[in-house]
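Trainee:
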Amino acid sequence: MTRRKIKENLRVHFNNTLLTEVFDSMIKTNYKIIDFGEYIAYQFKTNSGNQYDLEFHYSEENIYTDLDNNIKLGDILKTNKETIPCFDIAFTLSKIKNKENPDEFEIDTNLNEEFELMGRITFIISEIINDSKYKLFIIGGDSRRNRLKIYENMFKNNFINLFDLYYGKSQFHSGKSLFIIRK
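Numbers given in my numbering equal positions in the sequence shown, counted from 1, plus 823.
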């Protein structure tokens, strides 16, 4: 598909800017793994020198979580255990001091490097999911932004053969979440 066709087929807002691209490329990225105990951060820099953390928080999601069309998470994963181990994925600037404060943690960066960021995130995620035994990853969303749509497009374009995608209400996020389930 040509870039022009891609631009005609998808229009997504990000950081209050209209984007007309599909996130379908990986950018080889050097990263440092930092174990914070409660979560693991994959820290990397962009070409502009900004430093980011792609975080994987270990958690467990309830099997009775409702997903699209009232399907239960446990039914998709074919389990009757009460909870499913998962990684909750978060992304932020490394310099954020208080990651428990949503006003700091969830702020848009507006640094005009979305394409580079998504290419680097895609590369890191591809490295992690190949080594991971987990069947479930969750990305929480914010209804004011289209972040989940951007991540959905990234997974559809790069990992559709590995994962099914569902929307639902995670016990850990206030808005809807994207449930990424290994096939």
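No residue lacks a Cβ here, since even glycine has one placed at the ideal position from N, Cα and C.
Please check the pair phenylalanine 978 and tyrosine 989, which I expect to be a contact at CB under 8 angstroms, by giving their CB distance rounded to whole angstroms.
Mentor: Taking the sequence shown and counting its residues from 1, one reaches residue 978 at position 155. Taking the sequence shown and counting its residues from 1, one reaches residue 989 at position 166. Actually they are not in contact, since the Cβ atoms of phenylalanine 978 and tyrosine 989 sit about 11 angstroms apart, beyond 8 angstroms.
Trainee: Evaluate aspartate 898 with the Cβ neighbour count: other Cβ atoms within 10 Å of its Cβ, from every protein chain shown; 16 or more gives buried, anything less gives exposed.
Mentor: Residue mapping note: residue 898 aligns to position 75 of the sequence shown, counting from 1. So aspartate 898 counts as exposed.
Trainee: Out of Glu950, Leu959, Glu936, Gly942, which has the shortest C-alpha to C-alpha gap to phenylalanine 986?
Mentor: Taking the first residue of the sequence shown as position 1, residue 986 is located at position 163. Minimum Cα distance to phenylalanine 986 is reached at Leu959.
Trainee: Compare the C-alpha of tyrosine 862 against each of Ser1000, Asp911, Asn969 and name the closest.
Mentor: If you number the sequence shown from 1, residue 862 lands on position 39. Checking every option, the nearest Cα to that of tyrosine 862 belongs to Asp911.
Trainee: Distance check for glutamate 878 and isoleucine 857, CA to CA, integer angstroms please.
Mentor: As a first step, residue 857 must be located in the sequence shown, where it is residue number 34. As a first step, residue 878 must be located in the sequence shown, where it is residue number 55. Near 9 angstroms, if we compare the C-alpha coordinates of glutamate 878 and isoleucine 857.
Trainee: Return helix, strand or coil for isoleucine 983, following the three-state DSSP convention.
Mentor: Here residue 983 corresponds to residue number 160 of the sequence shown, with the count starting at 1. Isoleucine 983 falls in the coil class under three-state DSSP.
Trainee: Ignore the nearest five residues each way along the sequence and tell me which others in isoleucine 952's own chain have a CB closer than 6 angstroms to its CB.
Mentor: The residue labelled residue 952 in the question sits at position 129 within the sequence shown. For isoleucine 952, where only same-chain residues beyond five positions count, there are no Cβ hits under 6 angstroms.
Trainee: By DSSP's criteria, tyrosine 875 is part of a beta bridge. Which residues make up the other side?
Mentor: Indexing the sequence shown from 1 puts residue 875 at position 52. Note: tyrosine 875 sits in a beta bridge opposite Phe867, Leu916.
Trainee: Determine which residues share a DSSP beta bridge with leucine 1001 and list them.
Mentor: Within the sequence shown, residue 1001 is the residue found at index 178, counting from 1. Partner(s): Ile962, Tyr990.
Trainee: From which residue to which residue does the beta strand (DSSP E) around aspartate 858 run?
Mentor: In the sequence shown, the residue the question calls residue 858 occupies position 35. Unbroken beta strand (DSSP E) run through aspartate 858: 855-858.
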